[in-house]
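For the record, in the sequence shown the residue sitting at position 9 is 9 according to the working numbering, with numbers rising by one throughout.
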Amino acid sequence: SSSSSSSEESTHSKNVYRSRSYLKERSECKVQQQVQYYENHGEICISNTPVPACQSHCRGSSYQVQSVQVICRPKIDQQYISYRNMIREGENPKVEGQTQIKQFRVPTSC
């Protein structure tokens with residue numbers, strides 16, 4: 001049955017990051033493409049491509065887990081701090097460097 005597979009999936013989700021849209025204006029609920037970031041253990045990690053995301057006032061109706069390449073730098077890296085601030089404004093900065101693969105839970109519709 002499909003219900004057993006979804007509960008199984010949740011046990012893998014401890015290292016799955018949730019995509020977010022940071023657009024300020026409330027537009028209609030549709031999937032936005034947004035570069036993602038997260039901070040952990042003294043690092044800022046930023047995806048090197050935009051990832052599907054829903055705005056905060058919208059609810060994603062279905063999700064899938066997507067492998068995303070991220071680039072991590074020390075949290076004190078001024079360039080990455082400014083990238084993070086750009087992302088918070090809804091922008092999509094282009095980052096380059098050594099990538100690693102992380103799993104993101106992304107909406108297929110909002």
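Glycine is no exception: its CB is placed at the ideal position from the N, C-alpha and C atoms.
How many Å lie between residue i and residue j at the Cα?
| i | j | result |
| --- | --- | --- |
| Q100 | V35 | 15 Å |
| Q79 | P50 | 18 Å |
| C123 | S27 | Nothing about residue 123 can be reported from this structure: the residues present for the chain run from 1 to 110 only. |
| N15 | V106 | 14 Å |
| Q66 | Q33 | 13 Å |
| S47 | E96 | 9 Å |
| Y22 | I81 | 16 Å |
By Cβ distance, which residues of its chain are closer than 6 Å to residue i, with the 5 residues on each side in sequence left out?
| i | result |
| --- | --- |
| C110 | C29, K30, V31, C54, C58 and G60 |
Based on the DSSP secondary-structure assignment, which residues constitute the bridge partners of residue i?
| i | result |
| --- | --- |
| I101 | Q69 |
| P107 | Y63 |
Any contact between the stretch 83 to 92 and the stretch 56 to 69? By contact I mean 3 or more CB pairs, one from each, below 8 Å. no
What ranges does the beta strand (DSSP E) occupy inside the stretch 22 to 84, keeping only unbroken runs of at least 3 residues that lie completely in it? 32 to 34, 37 to 40, 43 to 47, 51 to 53 and 62 to 74
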